[in-house]
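Number of protein chains: 8
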Amino acid sequence: MRRERVRDLLARVADGSLPVEGALAALAADPTESLGFATIDHHRALRQGFPEVIYGAGKTPEQVVSIAERIAEHGDGVLATRLAPEAAAALSRALPAIEWNATARTAYLAPSTPLAPSRASLLVVTAGTSDLPVAEEAAVTAHALGCPIERLTDVGVAGIHRLLSRREMLDAAGVIVVVAGMDGALASVVGGLARVPVIAVPTSVGYGAAFGGIAPLLTMLNSCAAGVTVVNIDNGFGAAVAAARILHA
Amino acid sequence: MRRERVRDLLARVADGSLPVEGALAALAADPTESLGFATIDHHRALRQGFPEVIYGAGKTPEQVVSIAERIAEHGDGVLATRLAPEAAAALSRALPAIEWNATARTAYLAPSTPLAPSRASLLVVTAGTSDLPVAEEAAVTAHALGCPIERLTDVGVAGIHRLLSRREMLDAAGVIVVVAGMDGALASVVGGLARVPVIAVPTSVGYGAAFGGIAPLLTMLNSCAAGVTVVNIDNGFGAAVAAARILHA
Amino acid sequence: MRRERVRDLLARVADGSLPVEGALAALAADPTESLGFATIDHHRALRQGFPEVIYGAGKTPEQVVSIAERIAEHGDGVLATRLAPEAAAALSRALPAIEWNATARTAYLAPSTPLAPSRASLLVVTAGTSDLPVAEEAAVTAHALGCPIERLTDVGVAGIHRLLSRREMLDAAGVIVVVAGMDGALASVVGGLARVPVIAVPTSVGYGAAFGGIAPLLTMLNSCAAGVTVVNIDNGFGAAVAAARILHA
Amino acid sequence: MRRERVRDLLARVADGSLPVEGALAALAADPTESLGFATIDHHRALRQGFPEVIYGAGKTPEQVVSIAERIAEHGDGVLATRLAPEAAAALSRALPAIEWNATARTAYLAPSTPLAPSRASLLVVTAGTSDLPVAEEAAVTAHALGCPIERLTDVGVAGIHRLLSRREMLDAAGVIVVVAGMDGALASVVGGLARVPVIAVPTSVGYGAAFGGIAPLLTMLNSCAAGVTVVNIDNGFGAAVAAARILHA
Amino acid sequence: MRRERVRDLLARVADGSLPVEGALAALAADPTESLGFATIDHHRALRQGFPEVIYGAGKTPEQVVSIAERIAEHGDGVLATRLAPEAAAALSRALPAIEWNATARTAYLAPSTPLAPSRASLLVVTAGTSDLPVAEEAAVTAHALGCPIERLTDVGVAGIHRLLSRREMLDAAGVIVVVAGMDGALASVVGGLARVPVIAVPTSVGYGAAFGGIAPLLTMLNSCAAGVTVVNIDNGFGAAVAAARILHA
Amino acid sequence: MRRERVRDLLARVADGSLPVEGALAALAADPTESLGFATIDHHRALRQGFPEVIYGAGKTPEQVVSIAERIAEHGDGVLATRLAPEAAAALSRALPAIEWNATARTAYLAPSTPLAPSRASLLVVTAGTSDLPVAEEAAVTAHALGCPIERLTDVGVAGIHRLLSRREMLDAAGVIVVVAGMDGALASVVGGLARVPVIAVPTSVGYGAAFGGIAPLLTMLNSCAAGVTVVNIDNGFGAAVAAARILHA
Amino acid sequence: MRRERVRDLLARVADGSLPVEGALAALAADPTESLGFATIDHHRALRQGFPEVIYGAGKTPEQVVSIAERIAEHGDGVLATRLAPEAAAALSRALPAIEWNATARTAYLAPSTPLAPSRASLLVVTAGTSDLPVAEEAAVTAHALGCPIERLTDVGVAGIHRLLSRREMLDAAGVIVVVAGMDGALASVVGGLARVPVIAVPTSVGYGAAFGGIAPLLTMLNSCAAGVTVVNIDNGFGAAVAAARILHA
Amino acid sequence: MRRERVRDLLARVADGSLPVEGALAALAADPTESLGFATIDHHRALRQGFPEVIYGAGKTPEQVVSIAERIAEHGDGVLATRLAPEAAAALSRALPAIEWNATARTAYLAPSTPLAPSRASLLVVTAGTSDLPVAEEAAVTAHALGCPIERLTDVGVAGIHRLLSRREMLDAAGVIVVVAGMDGALASVVGGLARVPVIAVPTSVGYGAAFGGIAPLLTMLNSCAAGVTVVNIDNGFGAAVAAARILHA
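Chains as they are written, first to last, in this note's numbering: chain F, 419 to 667; chain G, 419 to 667; chain L, 419 to 667; chain R, 419 to 667; chain H, 419 to 667; chain B, 419 to 667; chain S, 419 to 667; chain P, 419 to 667.
So this is what it looks like as structure tokens:
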């Protein structure tokens, strides 16, 4: 149950529109629900501001659907990431209103009451076209968490004027997520130009000594621009959650 | 020149207390100054909110002093990190008012006008006693950047009740920096308990397969608590700068 | 030939119910049997308490069936792990009584006389749903070795209350096997809460800098909870054998 | 406070020899004590059967002495590992009864009432002379935890008859700790010969492609003898704690 | 052209049975032949005792056949390794007398005059059934190079009596090739028991921290039995060539 | 727009054959064009001497075609590398004049006016047949950049006379690109024999401890022949661009 | 003997000013000279345009002096790199005219006749003050090889305006050597701005996940700016030799 | 006791010159002798042809002397490697006849009766001067094992004529040991030129991406010259033992 909904509940008890027993019943649900193969954490929305997100990799379509249905019943919205096409199809059959994003490999069902929007927007900057799936995972996740999104695409440092000519976008953002593979150098340049928090996402784009994303990961961890933080390789989801933690503060 | 000082300058021009020519002269200084072995970026304070910080490793005491003196002349304060004892001693002779922190290996000289404090405080959590030097580097840096500091020390997950019993501190912080070596598991536990941004700093504490900090670095990058971001091994400085970017937003 | 069966044999010689020549014949079989592509160690049951287990990876279905048939003839039971579906199908045709577990990828045929149960039970704790195949391999193996099994599923540290609320299960177990991928932090938390032996199994669940299980492997090797031991990535089988060595002591 | 001592306390309350108020006072001490740089977990002895052990690396002599004095006051005994010579000297001055073991780099002060001995003994097997410091750390730790110790030294597999001729020692042990560097092959051979739990400790002995212990670590993790578990490189302490968990079960 | 054949040629010139001009013509062929995509080294047989071997990986079936036909024309025999099934089929159509070994993935065509057998035999020892493909590559190669072969299969150190009971085979060999994956410990044990040269071949058998053969490779490089030499992971071919260099000396 | 074409434009303005307004229009095109998923850098030809090259990996056929069409419109020629067969087919349909090279996996469309040839030729040397795809990528790229090409194929150091007998080719080249996998030793030998710039390209050819090209990469970075520079594994394209930078100087 | 000196010799023979016998004697010296511990390659100057350079690491001062004296006798100049202070002192005593550069750790003795200067200059760009020793090694070496040097210091990408404001220097250079540690991103940015050959030198500056230079090495190998080539970590010498090969072409 | 000495003993029994009781006494000594910190294997000389060699690293001077004295008493000769200067000094005091080789860091005492020389000589080839300590360890060891030694020094592939001009040495050797750091390419070139067994020893000479010998180790494992075998980094001792196993066959 999301924080806002609990606040509503309590307000209604306070103003007498909800009897204590009704509020108790709504809150009494066991915060964790066991499905045998999974233990759903229904109070995460209350504790962290968003419900548990379904990480699709390594789960069967049946497991994904089963968890999604349980979460959907609470009305807080559903987000699933890293979905195989078969799991996405099964999910669409079970929850027809869910939105499938093929580039991001995510499925999203909006909550019954929309989230309050965050105080500022998230800017997602990508170095190249091949980084788009990770960037889209970040964008979908941030949208689900109530953050407005801006995008700046294919502005890698090999042609740095493409970035410099859009500098006003860096100045307008509340948080910047930089998505880059290969040399990952874009994060350092953006980190040096911007004043706001910069979260770097290395991608597994590249070949040879890119080593599936290790090269940009190391670049970003060693960024000479102070204050750049890093998430795991290809982890657009994690970057967006970190950004939402900042933007909702 | 720090942002606040430029704003003052402009305000004084606006209210007539400073003639245009005087403001021009103050702003006209070339934004970079070349010392032969270094190119000082004097406008960083204006661009990023704090002056260039001196990274002491790999610099001779003479180089450190020379750069510090140039920065100090602008009155925006001086921060130097990773100082060898000899460099610290030389710095204290040159700038007697500078504060040397032996645990953090930092030297700090406050600016002539204090920074506006950030909107919330930074909580620095450490897993063990051996992580203190890195935690102190973070604390000194954040203090220099105008952030109030709280500390929660030696609360590693091997005795998780030490952390759980202080949970209210997690709830009160604006940003949490988690400093941990060995298994680095503290970051995931804190990330799961807190709502606010969590920045994880792996340390090179440990032996054998800790590999100089790679083990906690990987743990933190793979945190099962979504939204934890990571900085380089032992990089207390970088974590504090990232925290300050968030807290001053 | 299992230890218990040899003890029976000797007891029957002692009480006169088995003539010496008969016992000799039963024992005289060459302890190793060569199949050309394999050398079966029939005395392992006598030496180690359980017969040789068939590691299915890298063996053709014909090789798996051929080894299993030879072991089955001794009546001590058969366990095969890491079976490809084709090998499992061939095995089911050859030994119809064998039980195939698709999640664990194991096949198990009970011995003609059941094993004496161990002095205490094994608790298998998993961090997430994706860790289940490894956890099941451990459970099937421990069951084959005569250990009662308890399970605690999907209790990763991102929602640590899920674990803390079931603490009595940690206290009741004789040995705990912790199965976790991604950050592997669960092993340290369990190791700090429990008094009994804790065996950690890293899994290859995760992506990016999880590096196919290296991240949780390192986390576990560096556990700040003293006395946690570790087995190879995804090696549920090995963890169960180690647990059985302890529980049968 | 150690488990046995709490049990005594409670028994004395039960038989009337200790008034309830006195028992309360003894138990009431805050389970954690903060020294600013450390948070001592005084209830670990109660929870885990032995008091918190002081890991000496990365602590100043003053910190080591300060923590040791606080623990010693409780009378449950003190164990410190990885001590630099200066820390050892400071400790000997502060606690003259403490025993310094230069090979193991440990200091040990016996508790006021001896621990109940474990149900079986620990056998420490080493591959070569250079592995002795790690083996001794294991032996001192196990001794402090109440386990009788046997030793089998310099029996690496290059001369396997040295091990085979002492096979009765393997059969008599309750747990076997195998300490080996270079190729680490001894763990597999012992694991195949013994029925009891085998804990392998890789050491950083060797050169070139031993990579500071990675080679034997990998060997041991990949042991073809099922049921061998592994601890961190050079972690004799951890192996002994794991052994004590087993032997005290 | 093989060394023996050149010696024959020269002997025939010496005894007058071959005119100088005929010998010249036979020898005059350009030692390298260019196919555009390959430069065949026809004098390798003369220089090194065996013709150039075709490494099948990364070559199209057409390229394999084309090179094999050119080498076959010289009558010195053909050996191809790492053949994909399609390349093997194409080769069998082009050179019907060639022998395909599906386990070893090799194709071999005997030379028109047999090689002189080596002074002693090669013993190929394998740790497990899954190591057989690599062991067979070694056996086929050594056979092609004129070395008699013995085999000792599935004698890994988890059941060391299987090896000890066949010790006379170790004593009878001229060279021993040890093929092992997982922990690779067999090489050290054999190296300690045998007097003759021992060549270790790590295999990519295993999972998790075996890292595709790195674990046994490191084990073997760090063998505590002096005088064990190592070849690349899965390189049965290279081990056999090294053995043949020794056995033909 | 390529540098030569801008020079022509300006020359025509200078001699009056092109009115200022016409030149302005040709030059006025926005230097970057946004396709949503890509930001094309049309002025790269002007800045760097060749238009942006399309890196095919990670792009859909539709994306490849769309970018290629935009670039083709400027008449400066199109080069695409790392193309999947489907992308190549789509490209051939869209731009029928484009040349597909199946070995190199490149597609090339010549510019409307040919490039001025470079001052000297590029020699591409390969160690083995399996290195040909990378060598061809280098050759196609260099040809597109206006450099004449020579080839020396399959001259690895295991038969060093194959290289030594063609030494005049090393002396005649303006730049040498050495393409080698496995041990990568060819680069050092060529670097020692030649006077001209030598660029080494490690390939992912090989198995086992070649680690997908890391072995030859390290060999080449550590070349004992001074002055050899290195590009990424399998990066024939990058080597050719570097060579063209040199040859057009 | 340097190429120019041989050309002079031959010219003097041609015009009669040197008798054939004198030229023969000068040329007859054995091209390699054995000192027992070293084999000096006196014809390298003739073959490669500069004499053998003494790599000081791992050589005793006596060995360094002995080799330097033999080379100095030929009058072609002496260059020694990676000198320990003792070796430098010994060299200065033996060859008083030699120049010691403490930052670069090089010693240089000019040849009796100066080298012809190269056709263009070398620009050495450094990211930070700590990269200066490597940059100076490159500068001294290039100077010894006859290349004019320009320097651009401390222009890392965290403050990219420092680089952009000096762009005319990039345009004026014949070759650019970029020296950078930490994230190594400067090479990509320079590679995107410049038309001329760019050689990147990663340095071991940095900490934590910089891994002694691996991070910038990978960044540079994966540069998204095509045509950047790379040399070994800290190898300023090698970069300069590569640059000289280009500038003297 | 060395094999030859046992053979003598038995011969003297056979011809009556030694009574059975005397022979028994000589043979009766327990084959292993325990010193507490070491278990000496006195029968290794009998089993493997040479006595146990003392590996000095990680042993105190007292331990080295104590083991050496026990071995010396048997008259089979003593060899100690990797000696620290203090251990060497202590050894010289205890066994004045022992020979200390400062380059190789070995001490050698000849046996009372000389070993029978091997059937052919060992050629030790080194790439550079810095490789000499490892090469000398190989030479001293081989000499102790009865093999005549030849040397070819500083013939790295950057000047390949130095090696080609001495090709007759390669042809004359019974076994060749190639010692090389940096790129390690020399092993492949020698392996391609020679017919006899080639053993490659990578050294930790070099810097940056040589990674303490990993670069040449990988080069050698991936040698494109078939039949090259490899020992551990800097393991001159192991290479010599392997060579002696071959030369004494």
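Yeah, the Cβ is synthetic: ideal placement off N, Cα and C, and Gly gets one too. Source: prediction; values computed, not measured.
- Within chain P, Arg613, Val614, Pro615, Val616 and Gly645 have C-beta atoms less than 8 Å from the C-beta of H:Arg663, given in sequence order.
- In the DSSP assignment, the residues bridged to B:Asp459 are B:Thr450.
- Around G:Asp494, no beta-carbon contact reaches into chain R at under 7 Å, the shortest distance being about 32 Å.
- For B:Glu568, the secondary structure class from DSSP, reduced to helix, strand or coil, is strand.
- Closest option to R:Ala512, judged by alpha-carbon separation, among R:Leu635, R:Leu582 and R:Ala490: R:Ala490.
- G:Ile594 is not a Cβ neighbour of G:Ala576, given a cutoff of 8 Å.
- Out of B:Ile516, B:Ile578, B:Leu636 and B:Glu470, the CA that lies nearest to the CA of S:Ala643 is found in B:Glu470.
- As DSSP reads the structure, F:Val595 sits in a beta bridge with F:Val542 and F:Ile617.
- At a Cβ-Cβ threshold of 8 Å, H:Ala498 and H:Gly474 count as neighbours.
- The Cβ atoms of G:Val543 and G:Val614 do not sit closer than 8 Å to each other.
- By the C-beta criterion, the region 557-573 of chain S is judged not to be in contact with the region 620-633 of chain S, since fewer than 3 inter-stretch pairs fall below 8 Å.
- Under the Cβ criterion of 8 Å, L:Gly602 is not counted among the residues facing chain H.
- In summary, G:Pro503 is exposed, with fewer than 16 beta-carbon neighbours lying within 10 Å of its beta-carbon over all protein chains present.
- Listed in chain order, the alpha helix (DSSP H) runs fully inside the region 502-558 of chain F are 503-512, counting runs of at least 4 residues.
- Taking 8 Å as the cut-off, the beta carbon of P:Leu540 is found closer than this to the beta carbon of P:Gly592.
- From the listed residues G:Leu550, G:Ser510 and G:Gly476, the smallest Cα separation to G:Ala486 is found for G:Ser510.
- Contact of R:Asn650 with chain G is assigned, a C-beta pair being separated by under 8 Å.
- Residues of chain B whose Cβ lies closer than 8 Å to the Cβ of F:Ala627 are, in chain order, Gly631, Ile632, Leu635, Asn650 and Ile651.
- Contact between G:Ala534 and F:Thr647 is ruled out by a C-beta separation of about 23 Å, above the 8 Å threshold.
- By the Cβ neighbour-count rule, S:Arg462 is buried, with 16 or more other Cβ atoms within 10 Å of its own.
- Under DSSP, F:Val646 takes part in a beta bridge, and its partners are F:Val616.
- For the region 558-584 of chain G, the set of positions with a beta-carbon nearer than 7 Å to some beta-carbon of chain L reads Gly574, Val575, Ala576, Gly577 and Ile578 in chain order.
- Beta-bridge partners of B:Tyr473 (DSSP): B:Thr499.
- Using a Cβ-Cβ cut-off of 9 Å, G:Ala475 is close to Ser548, Val623, Gly624 and Tyr625 of chain S, given in chain order.
- A distance below 8 Å separates the beta carbons of F:Leu639 and G:Asn650.
- For F:Leu604, the number of other beta carbons within 10 angstroms of its own is at least 16, and it is reported as buried.
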